[in-house]
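Sequential numbering from 18 applies to the sequence shown in our numbering. Notes for the one structure printed next.
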Amino acid sequence: MGFFDLAIAAPSMKAALEAWGADSNLFNEGVAKESDDPDVIEATMAAPGVVLKRPVGSNGPFREHAELPTDLAGGSSKKTNRRQPRKASKRANDDAADGKAAFPFEKEQKRRERERAKEEATRQKERERRQHAVDKAQGALDAARRKHEEKAADIQQQLEAIEESARDEEARWEKEKARLEATLRPAGG
């Protein structure tokens, strides 16, 4: 990846590619590979899930923040105190070592999942609280509407009774008036 070799302790190739920010499968392209170098494994296990770097071609240690070498002058005849590259150990990647490498990553994944679940539970409680408030307000509105409808019906019933009383009174008055006018005619006339 440019001027640096990169290394990471990840539970899978996919997780490593995601940590590197790769858009393609660098393992299939031959650009990336699994390492069995004990120094690389030790460095990455000290910081699982963190991308470590070292300048390309150097045998220096992997670090989270590596610097490019500054002694690149071509005419220098100083002997550099470089370690010889180690031959890949014959040790096969065993499942226990892979599991050990994956443990901190999986632990962090589980912590994040618990955190997401906690946040979702909080959001769910907030939704339920809001729904409860809406239900309570709707219940109050429905009760007020029923009370209004009952009062309106009662008033309408009273109004109809008053109108009926007014009609009865008008009819009584017409009879009374007719009777009194009938008695008034013979006497006046």
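Backbone N, C-alpha and C fix where the C-beta goes; we use that ideal spot for every residue, glycine too.
Beta bridge counterpart(s) of residue i as assigned by DSSP
{"i": "residue 22", "result": "71"}
{"i": "residue 80", "result": "70"}
Rounded C-alpha distance that separates residue i from residue j
{"i": "residue 26", "j": "residue 69", "result": "9 angstroms"}
{"i": "residue 77", "j": "residue 22", "result": "11 angstroms"}
{"i": "residue 158", "j": "residue 185", "result": "40 angstroms"}
{"i": "residue 24", "j": "residue 127", "result": "23 angstroms"}
{"i": "residue 203", "j": "residue 197", "result": "11 angstroms"}
{"i": "residue 177", "j": "residue 143", "result": "51 angstroms"}
{"i": "residue 207", "j": "residue 81", "result": "Residue numbering for the chain in the displayed model covers 18 to 206; residue 207 lies beyond these limits and cannot be assessed."}
{"i": "residue 120", "j": "residue 34", "result": "18 angstroms"}
{"i": "residue 36", "j": "residue 58", "result": "17 angstroms"}
{"i": "residue 155", "j": "residue 191", "result": "53 angstroms"}
{"i": "residue 163", "j": "residue 182", "result": "28 angstroms"}
{"i": "residue 168", "j": "residue 189", "result": "31 angstroms"}
{"i": "residue 125", "j": "residue 32", "result": "13 angstroms"}
{"i": "residue 194", "j": "residue 200", "result": "10 angstroms"}
{"i": "residue 140", "j": "residue 174", "result": "51 angstroms"}
Residue from the options whose Cα sits closest to the Cα of residue i
{"i": "residue 20", "options": "74, 43, 167 and 41", "result": "74"}
{"i": "residue 79", "options": "122, 60, 131 and 146", "result": "60"}
{"i": "residue 51", "options": "39, 36 and 29", "result": "29"}
Close beta carbons around residue i, own chain, < 6 angstroms, minus the five adjacent residues each side
{"i": "residue 43", "result": "49"}
{"i": "residue 63", "result": "none"}
Where residue i falls: helix, strand or coil (DSSP)
{"i": "residue 197", "result": "helix"}
{"i": "residue 60", "result": "helix"}
{"i": "residue 170", "result": "helix"}
{"i": "residue 6", "result": "This structure does not reach residue 6, given that the chain is present from 18 up to 206, and the question cannot be answered."}
{"i": "residue 107", "result": "Caution applies to residue 107, whose pLDDT of 47 falls short of 50 and renders its modelled position unreliable; the value that the coordinates give is listed next. In the structure shown, residue 107 sits in coil (DSSP, three-state: anything other than H, G, I, E or B)."}
{"i": "residue 38", "result": "coil"}
Residues near residue i in its chain [Cβ-Cβ closer than 8 angstroms; skip 5 each side]
{"i": "residue 123", "result": "28"}
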